[in-house]
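**Q** Here our numbering is used: the first residue of the sequence shown is 6, the next is one more, and so on.
All residues carry an ideal CB built from backbone N, CA and C; glycine is no exception.
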Amino acid sequence: MKTQELYEKVLSYFAEAIPVAETELDYDNPFQLLIAVILSAQCTDKRVNMVTPDLFARYDTPEELAAAHPEEVYNYIKSISYPNNKAKHLVGMAQKLVSEFDGKVPDTLEELVKLPGVGRKTANVIQAVVYNKSAMAVDTHVYRVSRRIGLVPKSCTTPYSVEKRLMQYMPEGVIPKAHHWLILHGRYKCRARNPECATCGLTEICKEYAAREKKQKEKAFVK
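1) Within 10 angstroms of its Cβ, does N129 collect 16 or more other Cβ (buried), or is it exposed?
2) Check C202 in the structure and name its three-state DSSP category.
3) Rounded to a whole number of angstroms, what is the C-alpha to C-alpha distance between Y193 and V179?
4) Determine the contact status of K112 and K138, defining contact as a CB-CB distance below 9 Å.
5) Give a yes or no on whether the C-beta atoms belonging to T77 and V103 are separated by under 9 Å.
6) How would you write the range of the alpha helix (DSSP H) that P75 sits in, first residue to last?
7) In angstroms with no decimal places, state the Cα-to-Cα distance between K175 and H74.
8) The alpha helix (DSSP H) with N89 in it runs from where to where?
9) To the nearest angstrom, how far is it from the Cα of R63 to the Cα of Y32?
10) Give the range of the alpha helix (DSSP H) segment to which D59 is assigned.
11) Under the rule that 16 or more other beta-carbon atoms within 10 Å means buried, what is D144, buried or exposed?
12) For P200 and N54, what's the separation of their Cα atoms in angstroms?
13) Grab the span of the alpha helix (DSSP H) containing I23 for me, first residue to last.
14) If contact is defined by three or more beta carbon pairs under 8 Å, each pair taking one atom from either stretch, is the stretch 92–99 in contact with the stretch 114–124?
15) Assign G178 to one of three DSSP states: helix, strand, or coil.
16) Does the stretch 179–189 come within contact of the stretch 9–22, defined as at least 3 CB pairs closer than 8 Å?
17) Roughly how many whole angstroms lie between the Cα atoms of K212 and D59?
18) I need the straight-line Cα distance from I82 to N90, nearest angstrom please.
19) Should M6 be labelled buried (16 or more other beta-carbon atoms within 10 Å of its own) or exposed?
20) Just to confirm the assignment, what range does the alpha helix (DSSP H) spanning V42 have?
Written out as structure tokens, the structure is:
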């Protein structure tokens, strides 16, 4: 199967199987989403959503967070992974928003990555979710699912290489949603451990599933 045909089949399946695809982080505005995404690094969305209500209530604006001390912020996020660093990043991020961006979350990769705690993945999430730009954020789920299905070759061993490959073959208009499709599929179906292949509609075109089936048959033949 040609690569473009594979992409078309996968995207068509996702469009039908996951018609509603959006972030599972709770937020009311771009500033809150930026905080939540920074906190979600190496942490589950569920855990982030548990701590952000009180955090958002205390720091309602970039100005309020910029005036805070990291130790104070730490008390709100201490159940999150790497709370010390993230507390410092949040305060630094807010300070830079206020000093350089008039308190508004920027909409370009170049500007977003200037903010403490914001790398390429976080910047792409903000671009896609807030500004509906064709940006592909590659987290652990997107990386795993893309390689398993065969959307990207095994030679793509970095998030950036996966991002470039996905962007190459996906229509621009579908990229923001495709990011969520891949995440949700990886989170609930194509899990790192014990993927639910038996109930997955992509098994006929999934390269890793085909490889596993071939290996099983070879083992059975040897026996």
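**A** In brief:
1) buried
2) helix
3) 21 Å
4) Sequence inspection shows Asp at residue 112; the Lys mentioned does not correspond to that position. Yes, these two residues count as a Cβ contact at 9 Å.
5) Checking the displayed sequence, the identity of residue 77 turns out to be Glu instead of Thr. In this structure, V103 does not lie closer than 9 Å to E77 by Cβ.
6) Here the alpha helix (DSSP H) through P75 covers P75 to I82.
7) The residue asked about is misnamed: residue 175 is Met in this sequence, not Lys. Cα to Cα, the separation comes out at about 43 Å.
8) Unbroken alpha helix (DSSP H) run through N89: P88 to F106.
9) The C-alpha of Y32 is placed about 14 Å away from the C-alpha of R63.
10) D50 to R63
11) buried
12) 25 Å
13) If you look at I23, you'll find it isn't in any alpha helix (DSSP H); DSSP assigns it neither H nor E.
14) yes
15) helix
16) yes
17) 44 Å
18) 11 Å
19) exposed
20) P35 to L44
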